[in-house]
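Written out below as structure tokens is the structure these notes cover.
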Amino acid sequence: MTNHKVCNITSSNHISGKKPVYKKVRSNVKLEDLPLDVLCTIVSKLPAKEVSRASVLSTNWRYICGICFYKLCFTGADGCCRDSFERDQYCQYMQRFIDHVYVVVQKCHAKLIEEFNVKFEFDTMLLDHLNNWVNFAVSSQTKSIAIYLCPINKRRTDVDRYVFPFHLLDSESKISHLQCIQLSFVSFRPPSEFRGFPSLRKLDFEFVDITMKDLDVILSNCCNLKWLSLVRCFLNCELKLDHLLSCLLHLKVVRCRVTRIELRVMKLVTFVYDGCFVPIVLNQDSKLDNAHIKFDEANFQDAVIALLNGIPSMQNLTLQITWQRLETQFPLNNIGKFSHLRVLQLLMGGTFEDVNKFPFSILRTAPFIEKLEIHYAGGDNSWFVKKGSGRKHLEHCEYNYLKIMYMTGYKGAIGQLEFLLHVVENAPALEVLTVEIACRLYGDRFSDIYMKINLAEQQHALSTVLCKSMLSSKVKLCVM
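Counting from 1, position 182 in the sequence shown corresponds to residue 182 in our numbering; the numbering is continuous, with no gaps.
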């Protein structure tokens, strides 16, 4: 706020001929009294953090910050697609959508756009209009642009896509405000001389046509990127970057057909991967808070060793292997430890090749684990009831810090019971043990198909066995 000096001359001094006395007083003019367009210009120059602070100063400032930025979202009717229309009807429907967007855009001319989102079924009829809308958005200093274009034939991915118009980003003023880009079914091919988005914080791609070279061009020039999500962006090669992603906090790679992931990061907090079993190396000195890993098919022990070598600093790990293979012997010599791992969640799906094997190995590499969850998928587990798991062949291993254990999908199988007994006997600090009959992983469709004893009997039998074991009286036991 600006203070203006106002000169007041007292009447007594003026009459007596004495030197006038000047007093400084505050003017009643306030910053919010300026014209709205001037205020919007001032607000647009402020960083997002300062705008957020200004909005809590008063009701007036909250109103000013609210009306200076527009959030535009244009979405086609849910469930509406070309198959439900004749060609003429579909063209009329699309034209109404296009006209509506232009009406709103015209009303927002010369205004500041905070978000600009378009979600519609792609058609070549939209091509020029999309370019116009993107140009309008970046010219209006938008902070977030999202283009979700559904293909006409959703089963095909080799269809024509909208090509992101890099030629419209011809000045730094148009891209300097962009903080978030979200694209779906778009071709994203930056020119070799492109210098990136200097303010970009979030990059979210789904079914985007992009090469590793293109991705390298973008990421190497986004020094402030905090969020990177790649879903079904078929790279068909290594996802490897030599330069440091110093600000990246969240990374998601899902079904991208990568053969290896190797990145240099500093502050990564969350990592999500879903796809084939590939080497994953995240070079980071600090701890990784959360990792969610899903492999299609892998030897369980190989997956554990790969994670030990590539992401040893995880604190919370969720691991799922759809079709998993287990080995009886697991080499304990010359392997590392998950020394930071505190919470482990195992999602046990598929069918084991050998029922006498169980994934004890990962527990033995996590000496400081405090909470363990194991969720069994519903399915044919009748084999597990008849045969044992091989607990007697295990070497003694204590889980001195394990306090909470939670198992779902318990079928009364010998292997499951042996595992529970193994944990009870080797976890002196255990406080809570919860075993749930229902399957929480994929629903409970198979809960009672293969079990000949009823639920009450199964709960009673399990409780009896555990109470007769070395289970401490201090442990809270809950069988549901």
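Note that the Cβ used here is the ideal one computed from N, Cα and C, for glycine as well.
From a predicted model like this one, the values you see are computed outputs, not experimental measurements.
Boundaries of the beta strand (DSSP E) in which residue i is found, first to last residue
i           : result
residue 412 : Note, residue 412: premise wrong, no beta strand (DSSP E); not H, not E.
residue 433 : 432–436
residue 265 : 260–265
residue 145 : 144–150
residue 204 : 202–206
residue 348 : 343–348
residue 169 : Run containing residue 169: none; DSSP gives neither H nor E here.
residue 118 : 112–121
residue 213 : Per DSSP, residue 213 belongs to no beta strand (DSSP E); it is in the alpha helix (DSSP H), 212–219.
residue 478 : 476–479
Closest by C-alpha distance to residue i, when choosing among the options
i           : options            : result
residue 164 : 179, 135, 141      : 135
residue 233 : 407, 254, 218, 425 : 254
residue 496 : 141, 166, 124      : Not covered by the structure: residue 496. The range shown for the chain is 1 to 480.
residue 181 : 195, 168, 147, 194 : 147
residue 370 : 432, 208, 438      : 432
residue 177 : 185, 169, 143      : 143
residue 116 : 413, 139, 403, 42  : 139
residue 422 : 114, 403, 397      : 397
residue 145 : 118, 34, 129       : 118
residue 271 : 293, 262, 279, 277 : 293
residue 284 : 132, 244, 372, 73  : 244
residue 266 : 286, 259, 251      : 286
residue 242 : 291, 221, 229      : 221
residue 473 : 480, 437, 425, 438 : 425
residue 374 : 418, 366, 435      : 435
residue 289 : 344, 103, 279      : 344
residue 368 : 209, 127, 199, 428 : 428
residue 133 : 418, 107, 101      : 101
residue 304 : 337, 274, 322      : 337
residue 223 : 198, 281, 127      : 198
residue 218 : 237, 188, 231      : 188
residue 236 : 209, 251, 53, 252  : 209
residue 315 : 247, 268, 475      : 268
residue 95  : 70, 109, 126       : 126
residue 60  : 39, 76, 70, 72     : 39
residue 225 : 170, 249, 408, 71  : 249
residue 410 : 57, 173, 418       : 418
residue 276 : 308, 238, 264      : 238
residue 92  : 76, 104, 56        : 76
residue 260 : 274, 364, 247, 279 : 279
residue 471 : 408, 403, 439      : 403
residue 297 : 196, 480, 317, 274 : 274
residue 201 : 211, 247, 299      : 247
Enclosing alpha helix (DSSP H) for residue i [first to last residue]
i           : result
residue 300 : 300–310
residue 136 : 127–139
residue 362 : 361–364
residue 235 : Careful: residue 235 lies outside any alpha helix (DSSP H) and carries neither H nor E.
Strand pairing of residue i, partner residues [DSSP]
i           : result
residue 314 : 288
residue 295 : 275, 321
residue 186 : 162
residue 376 : 348
residue 250 : 227, 270
residue 281 : 262
residue 74  : 118
residue 371 : 343, 404
residue 175 : Bridge partners of residue 175: none, in fact.
residue 245 : 265
Beta-carbon separation (whole angstroms), residue i vs residue j, contact threshold 8 Å
i           : j           : result
residue 361 : residue 340 : No, residue 361 and residue 340 are not in contact; Cβ-Cβ is about 18 Å, not under 8 Å.
residue 162 : residue 130 : 6 Å
residue 137 : residue 113 : 6 Å
residue 310 : residue 282 : 7 Å
residue 377 : residue 348 : 6 Å
residue 207 : residue 185 : 5 Å
residue 108 : residue 70  : 5 Å
residue 475 : residue 430 : 5 Å
Residue-chain proximity (residue i, chain D), Cβ-Cβ < 8 Å
i           : result
residue 163 : The structure shown contains no chain D; it is built from a single protein chain.
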